[in-house]
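Chemist:
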Amino acid sequence: MSCSLYLHIPFCRKKCNYCDFPSYAGKENLIPEYMEALKAELGYYSSIYERPSITTVYVGGGTPTLLPEEAISSLFGSIRKDFDVRPDAEITFEANPGTVTKEKLKALMNAGVNRISLGAQTFTDNLLKKLGRIHLEHEINEAYEMVRDAGFKNVNLDLMFALPGGNIKDWQETLVKAVKLNPEHISTYNLQIEEGTPFHIDKLEGDLLMPEEEDELKMYEVAIAFLKENGYEHYEISNFARKGLESAHNKAYWTLQDYIGAGAGAHSFINNSRIENTPSLEKYLTKDFSNIKTEHVNAKKETMQEMIFLGLRLIKGFNLNDFTRRFGISFREIYKKELVELMADGMLEMDGKNVKLTEKGLFLANEVFKKFL
Amino acid sequence: MTETSKIRNFSIIAHIDHGKSTLADRLLEETKTIDKRHMREQVLDTMDLERERGITIKSQAIRMKYKDYILNLIDTPGHVDFTYEVSRALAACEGAILIIDATQGAEAQTLANANLALANNLKIIPVVNKIDMVNAEPKNIVEEFKNIFGFSENEIILASAKEGTGIRQILDAIVEKVPPPSGNDDAPLQALIFDSKYDAYRGVVVYVRVFNGRIKKGMVISMMGTGADFEVQEVGTLKIDYIPKDELSAGEVGYVIANIKNLQETRVGDTITDEKSPASKPLPGYKPAKPMVFCGFFPVSAEKYHELRDAIEKLRLNDASLFFEPENSVALGLGFRCGFLGLLHLEIIQERLEREYGLDIIATAPSVVYKVNMTNDTSIFIDSPTKLPNLSEVRSIEEPYLKITIFVPQKYVGGVLEICQDKRGIFKNMEYLDPTRIMLTYEMPLGEVITEFHDLLKSATKGYASMDYEIIGYRGSDVVKVDILLNQEPVDALSFIVARDKSYYKGKALVEKLKVVIPRHQFEIPIQAAIGSRVIARETIPAMRKNVLQKCYGGDVTRKKKLLEKQKEGKKRMKRIGRVDVPQEAFMAVLKIK
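Quick mapping for you: the protein sequence lines, in order, are chains A and B.
Residue 312 in the working numbering sits at position 315 of the first sequence, with consecutive numbering throughout.
Just add 12 to wherever you are in the second sequence, counting from 1, and you've got the working numbering.
1. Quick check: what's the CA-CA separation for B:E359 versus A:F328?
2. What are the boundary residues of the beta strand (DSSP E) that includes A:C0?
3. At the level of alpha carbons, what is the spacing between B:F163 and B:N132?
4. For the segment 111 to 131 of chain A, enumerate the residues whose C-beta is nearer than 8 Å to any C-beta of chain B, in chain order.
5. Taking a Cβ distance cut-off of 9 Å, strictly less, list which residues of the segment 552 to 576 of chain B are near chain A, in chain order.
6. Give the range of the beta strand (DSSP E) segment to which A:L160 is assigned.
7. From B:A108 to B:A126, what does the alpha carbon distance come to, in whole angstroms?
8. Between A:T355 and the rest of its own chain, which residues show a CB-CB distance below 7 Å, the 5 nearest in sequence each way excluded?
9. Alpha carbon to alpha carbon, how far is B:K302 from B:D282?
10. If you draw a straight line from the C-alpha of B:L452 to the C-alpha of B:V420, how long is it?
11. Compare the Cα-Cα distances from B:K584 to each of B:V528, B:P595 and B:I496 and report the closest residue.
12. Could you compute how far the alpha carbon of B:V312 sits from the alpha carbon of B:V547?
13. Have a look at B:K135 and B:A173 and give me their C-alpha separation to the nearest angstrom.
14. Using a Cβ-Cβ cutoff of 7 Å, what residues of the segment 530 to 549 of chain B are near chain A? List them in chain order.
15. Taking the beta carbon of A:N14 as the centre, do at least 16 other beta carbons fall within 10 Å, making it buried, or is it exposed?
16. For A:R322, name the three-state secondary structure that DSSP assigns.
17. Consider the Cβ of A:H135: report whether some Cβ of chain B lies at a distance smaller than 9 Å.
18. Suppose contacts are defined by Cβ-Cβ distances below 9 Å. Is B:V342 in contact with B:V503 by that definition?
19. Please report the distance separating the alpha-carbon of B:Y413 from that of B:M236.
20. Can you list, in chain order, the residues of its chain whose CB lies under 8 Å from that of B:K229, leaving out five sequence neighbours each side?
21. Let me make sure I understand the geometry here. Which of A:A341, A:D285, A:R77 and A:F306 has the alpha-carbon closest to that of B:Q562?
22. Is B:M456 near B:G437, with beta carbons less than 9 Å apart?
23. Does the CB of A:E346 have a neighbour CB from chain B at under 9 Å?
24. Have a look at B:Y516 and A:N187 and give me their C-alpha separation to the nearest angstrom.
25. Please classify A:F120: does DSSP put it in a helix, a strand, or coil?
26. Per the DSSP calculation, B:M386 is bridged to which residue(s)?
27. Could you name the residues of chain B that A:K367 contacts, counting a contact when the two beta carbons are closer than 7 Å?
28. Grouping DSSP H, G and I as helix and E and B as strand, with all else coil, what is B:I67?
29. Taking CB distances under 9 Å as the criterion, tell me whether B:K583 reaches chain A.
30. Check whether chain B comes within 9 Å of A:T185, counting only Cβ atoms and requiring the distance to be less than that.
31. Going by DSSP in three states, B:P531 sits in which element: helix, strand or coil?
32. Would you say A:N138 and A:L105 are within 9 Å of each other, going by their C-beta atoms?
33. Residues of chain B with a CB under 8 Å from the CB of A:E292: which are they?
34. Anyone know if the C-beta pair for B:V140 and B:A114 falls short of 9 Å?
35. Applying a beta-carbon distance threshold of less than 7 Å, which residues of chain B neighbour A:L376?
36. Distance, Cα to Cα, B:K514 vs A:L311?
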């Protein structure tokens, strides 16, 4: 079997005010035990699928850069032992600017990591504080410099817009500063207020000053125009890259390739099955892997829907032949009515062998996706 | 058979929240009618909704034994919407306990209910409740009882239902002061139906008070009002369960089961007699409850129409005052025009349909019944703005008026006067109940009271005002119909009738409100308010230009999908009118306009 591999590190020094990912602050003492469990899970998958061949690796969190150097080296040792990591594999490691050190970067380089995703979010200090980030602007710049000094040739910056208290002007400044650093890849996420987060509570109490919808739209438009101008290709709804440097790992998600997700709260997609690991650290640490996973075997229809709403996230859309090959039936045949309607509304278009969102459809992507559910 | 001299039939009457249900609980406990172990709070409020809202909606009856007396307690609702239910409970009694909360004093419904009791010639036992509270002022309440109702000091019982103080005194007073029922077991049967209930297994269960004669198993009874005949299958008395007995004789309160399939055949207020030797005339009944407030109920999805009909029919089995007939709206499709005693009644029915029957319904804004005098000298009554005929055929319109009584502490009276003025109230009287409290009397259109009048009153007086009202008849008014156009199409379900001098303002406020309530679509939606062909207000909902999920959620595809499904689900709960999805809120928006 050939697939991608995601590893989840659910530890943070401090939880951000918008974050609802499985991640825990103040439990760093559990890291050694967790790493043992994580390695055990890698072994579990390795034996089931007979040491799969791995095309991309992504270590995310939480804050993976909280891990000590030895833990990093030892983790990659296990990965290479249990899996056949291809020599040309893209290997990404998420880094929080507040936790990056030269030593850790060196350990990552030595472990074969070839891509760093730096969680910058914004270059405005008061917004960083508002978000509950553990770093300021100057630490982003310092971390970035360290990453380059350590020899990494492929770097992503994560950015967020539509922040409470934010405006178009500070978003433009963030974009300018990000581009000035000249990373290979930039992700721009429109902040959503998720249930159960501190921001959600503030919002309910009316204490959160959110930008108007029109302003959010403008911020998104500004990002697209500005990044294009500066030589970044807009290849997915929220992602921009220098030519040929798109994130291979994320593309695996959007094109419905198989991936193994290991760690608390991680998700896998294997042979049309969606598997979710328990987000609970305590349960995960039992290493009872058959009991901490919930599996949903997709019906054919469900996988079709996923191929559409994931595939259409890519600017070039998805390939009609790929669809037919995968499902044995043509997209145009089963979704004739929806396709005609959406094309008439100017939301979808055909481009050679691909179906893709129009520019208008891009901003209303959810409206398009819903039609196929 | 119980000797009538040993029977006492009584009610408890009070303003809402003055402790009626708690007192009833204590009486049941003290008389060992209900084992303390089985006691849960407010035994008589059986509906979940009643317990949640702290109100009694249906009347209930229960039989207690005290010393060698039989005490029949007939519980009454305490909300102005259900005054009618109170009056029919009182008609079955000889006495009433009148409660006043020691921390609140007499309220509007205290007075209204006391007047009802007096009109029914009941012996009233005055009780000051909640004397255990720190802010209780029993002395003042005793004074009120003396001044307003003319009681003497030694008649008034001081009690705390919560702590069980004064309970025996109340029981003794019932035995000593409430007269036993008069009546003759051997005279032709006359039994008053004061309530009825639908039981899924046994059919209609009729609650009766026997005035003369006997009613027993096997006999054929006849309803004097509807003329329907039934064979009695079971009679008995009421505890928490039904206790079958051989017969009910004059003076007794109990239930009758007679294979009655539908509530319409056993009108509450009707007299039951013996089919073989009927009474010469029925007991003085009471006027059937007249629905005063009407609105449309429509299923969100058209295929649920029959389910909705079944659900309303089932609710009607237990609620004779609920009226309904099919209604066909151009905008909302098939549904029902329903009539209610008041706004609370409407809300309760709507909530029960949604909660107990799991239906998603659209309720349109409530309307009163207008009397339309036509140019051809006929008159029609319309319960919906859409039924208003072409104005060229209309000579004049009349609307129902109320006499409304408001009790308010003196320091808030200014605010209340202002609200009444604004709601087209006609000032009638202002009277001091005591140096700090005032009773205001106004005449006012019902249409003004069914909107947010009660909320306004409460907020202007920090909750200290109380009100009661009665319908006094129709009066001419200068009203117009305002139509709402959504995306150029008139939406009949959003039309409303309003006083002409408020029409411009209300139309403008409503379109502004609709602009907020109706979600953005992929196209621009103009909203207009119009009187006839003249547009009086206009707003535009801008087109939605952005709805895109940005966040990646790692490989959690399920979550992305759920989010999309949730968005789609939200849309399903809305009613599609033309190309526009309209949420339930929109149809009630007209009520929310100040």
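Just so it is clear, CB atoms sit at the ideal spot from N, CA and C, and this is done for glycine as well.
These numbers were taken from a predicted model, which means no experiment stands behind them.
Modeler: Let me spell this out:
1. 48 Å
2. S(-1) to I6
3. 18 Å
4. none
5. P554, M556, R557, K558, N559, V560, L561, Q562, K563, C564, Y565, G566, G567, D568, V569, T570, R571, K572, K573, L575 and L576
6. Segment: none, A:L160 is in no beta strand (DSSP E) and carries neither H nor E.
7. 9 Å
8. G343, M344, L345 and E346
9. 16 Å
10. 8 Å
11. B:P595
12. 29 Å
13. 21 Å
14. Q534
15. buried
16. helix
17. no
18. yes
19. 33 Å
20. V244, Q245, E246, V247, D258 and E259
21. A:F306
22. yes
23. no
24. 41 Å
25. coil
26. B:V406
27. L576, Q579 and K580
28. Bear in mind that the predicted position of B:I67 carries a pLDDT of just 48, short of 50, making it too unreliable to give a figure here.
29. yes
30. yes
31. coil
32. no
33. Those within 8 Å of A:E292 in chain B number zero; the least Cβ separation is about 11 Å.
34. yes
35. Given that chain A is displayed from residue -2 to residue 370, the structure contains no residue 376 of chain A and the question cannot be resolved.
36. 54 Å
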